[in-house]
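Worksheet: one structure, shown below.
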Amino acid sequence: QQPVNPTASSVQEQQLLDALKPGETISGRISIPDDNAADLQKPSNKDWMGFNLKVSDRVMGVALVGTLLALLVFFVVKGRLKIEAGRAGRTITRFNVFERTVHWTMAISFIALALSGINVAVGRYIVLPWLGYEAFGSLTYLGKLAHHYLAWPFMVCVVITFLMWVRHNIPNKLDLRWLKEGGGLLVKGKHPPAKKFNAGQKIVFWGVVVGGSLVAASGLLLMFPYFLDSATDWQLAQIAHALIASGMMAMILGHIYIGTVGTEGALDAMTTGQVDVNWAEQHHSLWLEEELAKGAVQRRGPGGEVTPAE
Amino acid sequence: MLIKRKNIHASGTGGALAQSFLGMGQRKLDRRSFLRRSGVAVGGLAAVSSLSGGLFERAEAATPHDHAAPAERRKNMCTHCSVGCSVIAEVQNGVWVGQEPAFESPINRGSHCAKGASSREVVHGDRRLKYPMKKVGGDWVRITWDQALDEIGAKMLEIREKSGADSVYMLGSAKFTNEASYLFRKFAAFWGTNNVDHQARICHSTTVAGVANTWGYGAQTNSYNDIRNAKTIIFMGSNAAEAHPVAMQHILSGKETQRANVFVLDPRMTRTAAHATEFVRIRPGTDIAVIWGMLWHIFQNGWEDKEFIRKRVYGFDEAKAEIMKWNPAEVERVTGLKEEVVKRVAETFATVKPATFIWCMGGTQHTVGTANVRAYCTLLLATGNVGDIGMGANIFRGHTNVQGATDMGLDVGNLPCYYGLAPAAWAHWCRVWDVPFSYIESRFDEVPAKQGREARTRAQNMEVSGIPSTRWFDATMLDSEDVDQQDGVKAMIVFGHGANTIPRMKAAQNGMNALDLLVVADPHPTTFAALHTRTDNTYLLPICTNFEVAGTRTASNRSIQWGEKVVEPIFESDNDYAVIYRLSQRLGFADEMFKTFEMVDGKFSKEPTAESILREINRGGWSTGYTGQSPERLKAHMRNQHKFDIITLRAPKDDPEVGGDYYGLPWPCWGTPEMRHPGTHVLYNTNIPVAEGGGAFRPRFGLEREGVSLLAEDSWPVGSDIEDGYPEFTMALLQKLGWDSELTAEERAVIEKIGNNNPEAIAKVSWTLDLSGGIQRVAIKHGCVPFGNGKARVVAWNLPDPVPVHREPIYTPRPDLVADYPTREDGRQLRMPNIGHTVQARAVEQKLFEQFPTVLTSGRLVEFEGGGEETRSNPWLAELQQDMFCEVNTQDAAAKGIKDGSWIWVYGPEDNAKVRVKALVTDRVAPGVAFMPFHFAGWFMGEDQRGKYPQGTDPIVLGESVNAVTTYGYDPVTGMHEGKATLCRIEAAA
Amino acid sequence: MARMKFLCDADRCIECNACVTACKNEHEVPWGINRRRVVTINDGLPGERSVSMACMHCTDAPCAQVCPVNCFYTTNDGVVLHNKDTCIGCGYCFYACPFGAPQYPQASNFGSRGKMDKCTYCSGGPEEDLSIAEYEKYGANRLAEGKLPLCAEMCSTKSLLAGDGDIIAEIYRERVVTRGYGSGAWGWKTAYGETVNVSA
Ligand SMILES: Nc1nc2c(c(=O)[nH]1)N[C@H]1C(S)=C(S)[C@@H](COP(=O)(O)OP(=O)(O)OC[C@H]3O[C@@H](n4cnc5c(=O)[nH]c(N)nc54)[C@H](O)[C@@H]3O)O[C@H]1N2
Ligand SMILES: Nc1nc2c(c(=O)[nH]1)N[C@H]1C(S)=C(S)[C@@H](COP(=O)(O)OP(=O)(O)OC[C@H]3O[C@@H](n4cnc5c(=O)[nH]c(N)nc54)[C@H](O)[C@@H]3O)O[C@H]1N2
Ligand code: HEM
Ligand code: HEM
Ligand code: SF4
Ligand code: SF4
Ligand code: SF4
Ligand code: SF4
Ligand code: SF4
Ligand SMILES: [Mo]
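Protein chains in written order, with this note's numbering: chain A, 23 to 332; chain B, 30 to 1019; chain C, 12 to 211.
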């Protein structure tokens, strides 16, 4: 039993701070049964704040504004991709009702998630000034609810999308060629052959599946923080969520461009489910051949049905 | 707007506690709506009284605190501990809506601890007992006050008829005001028993016995404030940071400005120890060995204060014989402390002066409690550290008014103000009460001869101390032959005392079941309501708290403070004064007992005013100087708090109302109020005149022993006309000195009346019996202390172990030491057998230390108080300590696979005791030592007893009580339990 | 204008929790929400110190900077307050705060945590000073009544200091000089980017 002088040996805040590694907390004992409460001080929370302000928000800004600008430039330079052979007038079924429903459910929930997410991240810079505190508060509250509830259909759709389309999205040699030829953009009139999905679409597919899973995973951690061990984990999840979401949003902006103004005839695939044969010839030659071949046998394929134009 | 502020309400943190909230009929702890609800109880409640059933349906009376509207400020004191912090209540529409810091109080300067800062909730407490209840066939049923009191009164009379007055045990409270304490003691006297006690028994009874037997009075010699002057401070068995937090304000500032040495000698590295300049870990139960070890060095090195000893202390020669046995080797063998540590503490304490010694429950709650206390005093006397500022025995008292309740004689061996039980004392109080001695005598039992003990007449029985509260249940269970009174205990009348706070709860449970009548008069139901399996003859009477009644309380430093009524008693509760009155009506002596008081209309009945009770105390309290503190003077002090200096506690001399007074007129405040004695800040201080609060040691052990004088030599209070020691003042002494001529005619007339106009008897009238105060006045006029000028003594020849002797706790991990230091032989004390020696011998023989290898000690948490019924019902406090726990050393825990926060079983060596608690793994305790707080109850040996409380009165937090595993062991002088050193076994629970 | 701060002198703090219950009392803070709490570092070991912590009312408050709805504002006294009407309970401020100050009434996993609550330095919120609405949402506004925070006023040992930063720093500095030791102005570096210079 060595005597001690507690006054002289008392802990010094400065020493504790000096010994603190990033992400670590000065913690002690507290009688209330709340682990967070036992954390006295965690200076690195300010790093998370800083990262949020300086990196995440800017990355998001750049991802969104940059992509939009790039697409605008592209559109101005390249204009709309036409169906080179003009519309054949005959269509072929590309996506059935189920596929389209899944896609649109996913798309709408994604867009709502994205908008509400963007609002949470940077809304106060852009929306707040013209809505005012009250309205912006309500909007953000609604957005938050939307974000929390629409995440569920989104996640379900990502899973279905994966199951539904994965067999068309296994990468193969064709994709290399497609990529080398820049998807047909480099040489006018020359389109690389593609099956149901070309390499670009595969990228979107995998982007959505992988990115969607990650954003879902990180989002779930944000939503259920009590499964996390520490606030640091939450912060990492938040950073991951914001960055992955930014990437996905940029990618999906591109996807939406291509699916609408960018490519003539593309939208039909997701609206009516029928695409013009010439469009198919141009973008998915091998798929069209497969479908026709199937049609020769049966005129019915898993992808749908080829019908005369009349 | 879409965003509406959601009601912020309780979200339990899971587990047992959350369930307790859910159990409350989904009542969420939304404070604001609750406030409104509790407001309901104010106002016209008295009119509704017990007739209306729907107490809660009445109109919503109050809004929450409206800060824009004015609030009335009322001042009272925190009801929890002896520090005596002032509380300022803001009251709107009769509801206590806010609490403000009382910066003007020299004691707390606005500060509080967790308990005081949540005082408001004490009154709003929705877990309080709301109306009288009784058990009918095992269920709690609401009844009216009149029905309750009629039935209780009838039953008491029936028991008295069968078994005598002594078979009704009156357990009072250290939570009482002085006035209620006094009334309760008077009530017991009028009923005819000395079986009246309160918490001091289990708290500082050993201090009072030990200190009074050393130098005169059983009280803290100095004050919390005065510790600011100390240069060396020892805490031994006191964890003031948790138990007297606001005292730490003075101590820590003193430590800083004086750069004082602060030693904490404690088995645990406490929150107090964290602020020590040296922490010395000791083994529980070895205090005497440590102190004697220190004194060994002091005498070896001549560090003792020889002059002081020569002038003012008797008996060191005899004491040294024992002390010098404690050489460093023996000290180390018994305590484990190294020579240099003991020497350093000793040298500093003896040489860096002034030095003060602070003790509390770590010293008192032992089978050697009284001896511990005397050892501490011996150290103070050897080093000359008593009787001046910055030094002294700073005994930190317990409850808010444990000092006052003790002073008022809520004690098995005393009448108010330490008059004892001798015929002269009874005669004195009979004069004050204005009843013939024969009347009181007729109220007492005759005791038949039992087991060879002599029979007692009524008058003899009046002189025999009662049964200590630690043994009441033994007195119900033991064969009536074994209990030294007419019959065993048949009824418990409990005013403000827990049942989880006395060791051996299994025995207490059996005792409760065996009673014919159990009455609990308390703001809360307490464990007395929940522990047993009684089905009938069990009553709960809702008493209001001290905030709902006016009265005084005496803080640890003997300052007496007047508390204003803050709000009317809430629900159907009523104050102690009224309830004692109404009960005595049923028992047939109300008129006799209350005729001396001013009676006014109370909530349900007539009641005595606090002022008139205090005046009666003033009329009789000469022996302790409770006479100068009139209601007027005390109220003036509360008004002028800001004028008192925070170090000297004195008001400037020129102040018209309180000029020169010490704050709260700390007793002794001699003479009549008109004499304007300032009170005594520092006891036994010869450096200032008696009229200014000076004094000397009180010669109360005779004038000489074995031819040696017991009066002071060459020492007297400054300005004394007698420049030497002298005995207490009597009429005879005045006559001898020729000072009796200075008595006024009125004074003389009173004295002559007391002496029945018989010259011999008149000569014997002393300063304590003189109801005129003349003797005191004249003595003080001559600069003399009324009680005399004697020596303190370090040999108390009337006590067991006249010089303290180390004795191992009954259950000790060191059976090897029991051979050398056994506990005292079996005997009979305070009407009961004490078989401690047999129990210890059996424990050693059965090698219980092998099955129960861990030393168990117990004590306090800052958030909870006492049995914890009030504080565990206060959500602001309950939230901070939601689980009963046991501190387990980190190494011990690792060895047993126990994780911090996990459940463990703690087994005790008696009655197959076991408790299920959470482990708090910490190095606060040493390996082999465990600590449990004692504030929990409501679980018993693994069983949840929530359902046994009347609905809605169960405290928020329940837990096992440590006293389910604490064990046998009683101090032979006072019957103090062994609360701080026993053995246990700890195992991880599934 | 005064710049209000807290300073917990850990060499005085005895973990008595008066500051905690005083706050509960003054503002009727419900179960589960702790605007202030006391943490003991090195519990049971010789270097043990307890520190009372609440919102430090930081300079460039991190909470304010991450709040998606910008509901924080800093008063003229340097007190960081927030508007419960617009708070969406997202929890961001909790994660940004170095001191764990923000508290939430609901501890449920999914969905809202409810309106954030934290120490207001006893100075209410955006509602009209001393109105009932202000009291119900934010508790009392002692500053408006010319009083200081109750937690500090009731501190058992005068460990917890509240008031103008310069003044309390000076009190602390004097104490350290008088007694010769000091474990630091806990939290000041992190909250204000400065600490109290105690060299005489
Ligand atoms: N918060 C709070 N404050 C209170 C009370 C309360 O219930 N709660 N109760 C009031 C009352 S009634 C009282 S009496 C006081 C009591 O106040 P304290 O006596 O200060 O409190 P305890 O915690 O019982 O015990 C003090 C210390 O004694 C140590 N100890 C244990 N065994 C031994 C031993 O053998 N020798 C020595 N030297 N020390 C030992 C313990 O480790 C503990 O730290 O507090 C008063 N204040
Ligand atoms: N193991 C172990 N046991 C111990 C101790 C220990 O350290 N260890 N400490 C011991 C000590 S020092 C003490 S003092 C005791 C304390 O133990 P108890 O005195 O049993 O504990 P309290 O809960 O304070 O009891 C006071 C009761 O008075 C009630 N009350 C409050 N105000 C009033 C009032 O105005 N009138 C009435 N009629 N009632 C009122 C309260 O509601 C409460 O029920 O415990 C002792 N027991
Ligand atoms: C308004 C927005 C959108 C439009 C107009 C749109 C349009 C389309 C079109 C036309 C196709 C079919 C391309 C083809 O025939 O091969 C398609 C496919 C697809 N869409 Fe969308 N889409 C939108 C939003 C989204 C969103 C938000 C996601 C995912 C988060 C998404 C994921 C996919 C995937 C994975 C495919 C299959 C792979 C591919 O064709 O690239 N879409 N979309
Ligand atoms: C799939 C499941 C998803 C879940 C469970 C989820 C969950 C969350 C949660 C809990 C937050 C924290 C903010 C709040 O509480 O409102 C958040 C923020 C955010 N989410 Fe999601 N989210 C999901 C998907 C997405 C998607 C698909 C996007 C956009 C592409 C997205 C973009 C954002 C953004 C930008 C933020 C704000 C991050 C910041 O403040 O920097 N989230 N999300
Ligand atoms: S419990 Fe004691 S120290 Fe705490 S506020 Fe009450 S009187 Fe003061
Ligand atoms: S302490 Fe936390 S909540 Fe308070 S101002 Fe600083 S960051 Fe914000
Ligand atoms: S919880 Fe409220 S105050 Fe905190 S960051 Fe979110 S919206 Fe802002
Ligand atoms: S300043 Fe006021 S609100 Fe903040 S912790 Fe102290 S008492 Fe609570
Ligand atoms: S009131 Fe003071 S001493 Fe007590 S815990 Fe709070 S800061 Fe520490
Ligand atoms: Mo006590």
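Don't be surprised by glycine CBs; every beta carbon is placed ideally from N, CA and C.
Neighbouring residues, chain A, relative to residue i (Cβ below 7 Å)
i                : result
Phe110 (chain C) : Gln63
Gln76 (chain C)  : Met71, Leu75
Val370 (chain B) : Pro25
Beta-ladder partner(s) of residue i, from DSSP
i                : result
Lys316 (chain A) : Partner(s): none; Lys316 (chain A) has no beta bridge.
His428 (chain B) : B:Cys110
Glu307 (chain B) : B:Phe292
Asp168 (chain B) : B:Val165
Residues that residue i contacts on chain A, provided the C-beta gap is smaller than 9 Å
i                : result
Ala303 (chain B) : Pro28, Thr29, Ser32
Reduced DSSP secondary structure (H/G/I, E/B, other) of residue i
i                : result
Gly52 (chain B)  : Note that Gly52 (chain B) scores a pLDDT of 29, beneath 50, so its modelled location is shaky; the value from the coordinates is reported in the next line. It is helical.
Ser744 (chain B) : coil
Cys27 (chain C)  : coil
Gly525 (chain B) : coil
Gly73 (chain B)  : Unreliable placement is indicated for Gly73 (chain B), whose pLDDT of 26 sits below 50; no coordinate value is reported for it.
Val464 (chain B) : coil
Gly284 (chain A) : helix
Gly174 (chain C) : strand
Leu798 (chain B) : coil
Pro175 (chain A) : helix
Lys16 (chain C)  : strand
Asn36 (chain B)  : Confidence is the limiting factor: at Asn36 (chain B) the pLDDT is only 28, short of 50, which leaves the residue's position unreliable and the question unanswerable from this model.
Met265 (chain B) : strand
Ile589 (chain B) : strand
Per-residue contacts from residue i into chain C (C-beta, under 7 Å)
i                : result
Ser147 (chain B) : Thr32, Lys35, Asn36
Leu906 (chain B) : Thr32
Partners in chain B for residue i, counting only beta-carbon separations shorter than 9 Å
i                : result
Ala107 (chain C) : Within 9 Å Cβ-Cβ: nothing; Ala107 (chain C) doesn't reach chain B, min ~22 Å.
Proximal residues of chain E, C-beta to C-beta of residue i below 7 Å
i               : result
Met64 (chain C) : No chain E appears in this structure, whose protein chains are A, B and C.
Proximal residues of chain C, C-beta to C-beta of residue i below 8 Å
i                : result
Thr951 (chain B) : Asp54, Gly55
If you scan the region 69-153 of chain C from start to end, which runs of the alpha helix (DSSP H) of 4 or more residues do you find wholly inside it?
Listed in chain order, the complete alpha helix (DSSP H) runs (minimum 4 residues) inside the region 69-153 of chain C are 73-77, 103-107, 143-149.
Does the region 485-496 of chain B touch the region 804-814 of chain B, meaning 3 or more C-beta pairs lie closer than 8 Å?
no
Check whether the region 619-627 of chain B touches the region 640-653 of chain B, taking contact to mean three or more Cβ pairs, one atom from each stretch, closer than 8 Å.
yes
So does the region 834-851 of chain B actually touch the region 861-869 of chain B, counting three or more Cβ pairs closer than 8 Å?
yes
Decide yes or no for the touch test of the region 91-110 of chain C against the region 71-82 of chain C: beta carbon pairs closer than 8 Å, at least 3 of them.
yes
Three or more C-beta pairs below 8 Å linking the region 216-231 of chain B and the region 250-264 of chain B
no
Does the pairing of the region 361-371 of chain B with the region 971-979 of chain B give three or more beta-carbon distances under 8 Å?
no
Are there three or more Cβ pairs, one per stretch, closer than 8 Å when the region 510-530 of chain B is compared with the region 179-199 of chain B?
yes
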